[in-house]
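Residue numbers (the working numbering), protein chains in the order written: chain X, 1 to 145; chain L, 1001 to 1145; chain S, 2001 to 2145; chain A, 3001 to 3145. Every residue gets a Cβ at the ideal spot worked out from N, C-alpha and C, and that includes glycine. Predicted model, so just to flag it, every value in this text is computed and none were measured. Data block below; observations after.
There are 4 protein chains.
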Amino acid sequence: MAASHAPHLTERARYRHWVSDTIRYSDTDMVGHVNNLAFAAYCETGRTRFMHEFPKPLVGKDAQTVIARLMLNFLGEAHWPGVVEVGTGVIAVGNSSMTLGQGLFSEGRCIASAESTIVMIDQVTRKPRRVPDDFRAWLLGYKID
Amino acid sequence: MAASHAPHLTERARYRHWVSDTIRYSDTDMVGHVNNLAFAAYCETGRTRFMHEFPKPLVGKDAQTVIARLMLNFLGEAHWPGVVEVGTGVIAVGNSSMTLGQGLFSEGRCIASAESTIVMIDQVTRKPRRVPDDFRAWLLGYKID
Amino acid sequence: MAASHAPHLTERARYRHWVSDTIRYSDTDMVGHVNNLAFAAYCETGRTRFMHEFPKPLVGKDAQTVIARLMLNFLGEAHWPGVVEVGTGVIAVGNSSMTLGQGLFSEGRCIASAESTIVMIDQVTRKPRRVPDDFRAWLLGYKID
Amino acid sequence: MAASHAPHLTERARYRHWVSDTIRYSDTDMVGHVNNLAFAAYCETGRTRFMHEFPKPLVGKDAQTVIARLMLNFLGEAHWPGVVEVGTGVIAVGNSSMTLGQGLFSEGRCIASAESTIVMIDQVTRKPRRVPDDFRAWLLGYKID
């Protein structure tokens, strides 16, 4: 079984990048609460908006990022209507991959933490390629201490 | 208010093109039944798989189809777990558009009917263009009588 | 084919109830723009949040509202990342049903208009029942002129 | 960073419970392939349909299962149109929780493996409770060797 997340992913103060997402009625399921897939959607909202803020085009470098692993810890329930705030930061940057850490917060509580491993690949060969230096430096500016 | 659908859209015998879609747990909502958005997804499954069967590439003609209108009549509830069968046919083909008719069936009942207006556009100019003759002939082979 | 929507559904000034929804990365499809199902989700966000603001419990009256028809006109494309603002108002209130009108706006344009017919039913018998007078009066306060 | 999944989760022969899910057009995203959230949906399809097959009502025992952790390894891309086959089995059963293993297969390849930790809770107190003996025995009948 997988190792647990570092506990600090549940602390708001660890994150410098924030987005919020609206809980949709269709995010709920027959149990009456927000379905676990919506939690994964909130993570993606935070992750993609975070990466999108890097001011230089990765595409121009013939590179693309793909998600290789998602680990999601469900810590509390969420309900409609409401808002989910998503904090995103960087746990580590490797040679051709990076690991992001996230916390989802709603109604004053941390409802989930997540780790995503993102791999940088060449758009043509689909093989891993080195994370560019400027992107690496930018990522490390959001490192979770 | 919009006119009602022709009643025959609820009759299985009217359709010659069929696909089935699996009801997902996440298709349900807090009311306990399948959410209306999933009905729209089942319609899209039928519509896109129908159009995809045309054996010649529309893309090679620099043409693209876009949905301009969806009218969906909700006639019954659906529940997880289960399957939805989607019948799709053609109501009319105009100069640059076509109207598809659909019936959604689950547990032996018609749970929804739908009409979709699809417009053929030029991929570059984004303006309507004439439905090609071979595509028109193929579409009319699925006409709902 | 269904009659067109009243053109004024595309005018922001007609609406007094507004919500916004975040465009999610997963709302996009392989065409590269926001998929039509997400438009239906934005409509539902507006519709359910609007109904939810009625300050008295409909449930306590053993009544429930269900959607009977959705008519959605697609007028423009939407793209990630971004926000959709949803204006919702009331077109008509009948004996046991009501018709809502909506406009979806993104990047300064109206990208869709929608009409939804909502039926009030008895939670036990599942048969239509009269719209309560206080709910009717509240609804008419949001009438689209 | 989390430990990798056991490699055998990618082998079809390890699973005795199978469901299939239809790839929906709306499962795709602007990259042109199936979005990672749809992978989580396919896992949920397999997981909930597997649990649903237990022939005795867990609800009648005032118990409910909730997902506590999802770990998803993305191993390949999926494309529309197509089908995903989901194999589900049991990795371990603890005192009040169980870990399921899954493999997602499309076009002859394993496109993802997943581990889900499911906790059994009391419906009223929301606290963990012991997995009933008959449910435990049933689960262990699907153990992944």
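What are the residues in the stretch 3022-3047 of chain A lying within 7 Å of chain S by C-beta distance?
3025, 3026, 3028, 3029, 3030, 3032, 3035 and 3037
Apart from the five residues on each side of it in sequence, which residues of its chain come closer than 7 Å, Cβ to Cβ, to residue 91 of chain X?
Taking the first residue of the first sequence as position 1, residue 91 of chain X is located at position 91. Correct list, in chain order: 99, 100, 101, 115 and 144.
Within its chain, find whatever has a CB closer than 6 Å to the CB of residue 1051 of chain L; leave out the 5 residues flanking it on each side and keep chain order.
On the second sequence, residue 1051 of chain L is found 51 positions in, with the first residue counted as 1. Nothing listed; no residue qualifies.
Contact list for residue 52 of chain X against chain S, beta-carbon separation under 7 Å:
For the purposes of this step, residue 52 of chain X is identified with residue 52 of the first sequence, where counting begins at 1. Here the neighbours are 2081.
Length of the line joining the Cα atoms of residue 1127 of chain L and residue 1121 of chain L:
Along the second sequence, read from residue 1 onward, the residue named residue 1127 of chain L stands at position 127. Along the second sequence, read from residue 1 onward, the residue named residue 1121 of chain L stands at position 121. The C-alpha of residue 1121 of chain L is placed about 5 Å away from the C-alpha of residue 1127 of chain L.
Can you pull the chain S residues whose beta carbon is under 7 Å from the beta carbon of residue 49 of chain X, in chain order?
In the first sequence, the residue the question calls residue 49 of chain X occupies position 49. Chain order gives the chain S residues near residue 49 of chain X as 2081, where near means a beta carbon separation below 7 Å.
Please identify the residue among L:1025, L:1095, L:1125 and L:1104 whose C-alpha is closest to the C-alpha of residue 1133 of chain L.
Your numbering for residue 1133 of chain L matches position 133 in the second sequence. For the residues L:1025, L:1095, L:1125 and L:1104, the minimum Cα distance to residue 1133 of chain L belongs to L:1095.
Per DSSP, which residues does residue 3115 of chain A bridge with? Please list them.
Here residue 3115 of chain A is taken as the residue at index 115 of the fourth sequence, counted from 1. A:3071 and A:3101.
In this structure, how does DSSP classify residue 92 of chain X when only helix, strand and coil are distinguished?
Sequence index remark: in the first sequence, residue 92 of chain X carries index 92 (1-based). Of the three classes helix, strand and coil, the one that applies to residue 92 of chain X here is strand, per DSSP.
Residue 3087 of chain A - partner residues in DSSP beta bridges:
Residue numbering aside, residue 3087 of chain A sits at position 87 when the fourth sequence is read from its first letter. Looking at the DSSP assignment, residue 3087 of chain A forms a beta bridge with A:3018 and A:3103.
Against chain S, does residue 1073 of chain L count as a neighbour if the rule is that its beta carbon must be under 7 Å from one of theirs?
What you label residue 1073 of chain L is simply residue 73 of the second sequence in a count that begins at 1. True, the Cβ-Cβ gap to chain S drops below 7 Å.
Could you tell me which chain A residues have their CB closer than 9 Å to the CB of residue 70 of chain X, listed as they occur along the chain?
The sequence position of residue 70 of chain X within the first sequence is 70, counting from 1. The contacting residues are 3036, 3039, 3040, 3070, 3071, 3072, 3073 and 3074.
Pairs of beta-carbons, one from the stretch 1006-1020 of chain L and one from the stretch 17-37 of chain X, closer than 8 Å: are there three or more?
no
Just the chain X side, please: which residues come within less than 8 Å of residue 3067 of chain A by C-beta, in chain order?
For this step, residue 3067 of chain A is matched to residue 67 along the fourth sequence. Under the 8 Å cutoff, chain X gives 36 and 74.
For residue 1029 of chain L, which three-state DSSP category applies?
As a working mapping, residue 1029 of chain L is identified with position 29 in the second sequence. Coil, per DSSP.
Close-in-space but distant-in-sequence residues of the same chain around residue 28 of chain X (CB under 7 Å, 5 per side omitted):
As a working mapping, residue 28 of chain X is identified with position 28 in the first sequence. Answer for residue 28 of chain X: 34, 35 and 80, listed in chain order.
Going by other Cβ atoms of all chains shown within 10 Å of its Cβ, with 16 needed for buried, is residue 2112 of chain S buried or exposed?
In the third sequence, the residue the question calls residue 2112 of chain S occupies position 112. When all chains shown are included, residue 2112 of chain S counts as buried.
Which stretch, first to last residue, makes up the alpha helix (DSSP H) that contains residue 1134 of chain L?
Along the second sequence, one-based indexing puts residue 1134 of chain L at 134. Judged by DSSP secondary structure, residue 1134 of chain L falls within the alpha helix (DSSP H) whose first and last residues are 1133-1140.
According to DSSP, simplified to helix, strand and coil, what is residue 2109 of chain S?
Locating residue 2109 of chain S in the third sequence gives position 109, counting from the first residue. Here residue 2109 of chain S sits in strand by DSSP.
Kindly indicate the opening and closing residues of the alpha helix (DSSP H) around residue 1037 of chain L.
Translated into positions along the second sequence, residue 1037 of chain L becomes position 37. Per DSSP, the unbroken alpha helix (DSSP H) holding residue 1037 of chain L starts and ends at 1036-1052.
Cβ-Cβ distance between residue 66 of chain X and residue 124 of chain X below 7 Å:
On the first sequence, residue 66 of chain X is found 66 positions in, with the first residue counted as 1. On the first sequence, residue 124 of chain X is found 124 positions in, with the first residue counted as 1. Not a contact, by the Cβ cut-off of 7 Å.
Using three-state DSSP, classify residue 3010 of chain A as helix, strand or coil.
Against the fourth sequence, residue 3010 of chain A aligns to sequence position 10. For residue 3010 of chain A, the three-state secondary structure derived from DSSP is helix.
Are the CB atoms of residue 994 of chain L and residue 1045 of chain L nearer to each other than 7 Å?
An answer regarding residue 994 of chain L cannot be provided, because it is not within the stretch 1001 to 1145 covered by chain L.
Could you tell me whether the Cβ atoms of residue 1042 of chain L and residue 1083 of chain L are closer together than 7 Å?
By one-based count along the second sequence, residue 1042 of chain L stands at place 42. By one-based count along the second sequence, residue 1083 of chain L stands at place 83. Residue 1083 of chain L is positioned such that its CB atom lies no closer than 7 Å to that of residue 1042 of chain L.
Residue 1130 of chain L to residue 2008 of chain S, Cα distance in whole Å?
Position 130 of the second sequence, counted from the first residue, corresponds to residue 1130 of chain L. Position 8 of the third sequence, counted from the first residue, corresponds to residue 2008 of chain S. Roughly 29 Å separates the two Cα atoms.
Determine whether the beta carbon atoms of residue 1026 of chain L and residue 70 of chain X lie at a separation below 7 Å.
Stepping through the second sequence from its first residue, residue 1026 of chain L is reached at position 26. Stepping through the first sequence from its first residue, residue 70 of chain X is reached at position 70. Contact: no.
Relative to the alpha-carbon of residue 76 of chain X, which residue among X:93, X:109 and X:24 has its alpha-carbon at the smallest distance?
Reading the first sequence from its first residue, position 76 is the one you call residue 76 of chain X. The residue with the shortest Cα to Cα distance from residue 76 of chain X is X:109.
According to DSSP, is residue 23 of chain X helix, strand or coil?
Taking the first sequence and counting its residues from 1, one reaches residue 23 of chain X at position 23. It is coil, neither helix nor strand.
Tell me whether the beta-carbon of residue 1950 of chain S lies closer than 7 Å to the beta-carbon of residue 1068 of chain L.
An answer regarding residue 1950 of chain S cannot be provided, because it is not within the stretch 2001 to 2145 covered by chain S.
For residue 78 of chain X, count neighbouring Cβ atoms within 10 angstroms of its own Cβ and tell me buried if that reaches 16, exposed if not.
Within the first sequence, the letter at position 78 stands for residue 78 of chain X. Classification for residue 78 of chain X: buried.
One question on the structure: do residue 3093 of chain A and residue 3136 of chain A come within less than 7 Å of each other, judged by their Cβ atoms?
The residue you call residue 3093 of chain A lines up with position 93 of the fourth sequence. The residue you call residue 3136 of chain A lines up with position 136 of the fourth sequence. Going by C-beta atoms, residue 3093 of chain A is nearer than 7 Å to residue 3136 of chain A.
Reduced DSSP secondary structure (H/G/I, E/B, other) of residue 62 of chain X:
Here the question's residue 62 of chain X lines up with position 62 in the first sequence. Reduced to three states, the DSSP call for residue 62 of chain X is coil.
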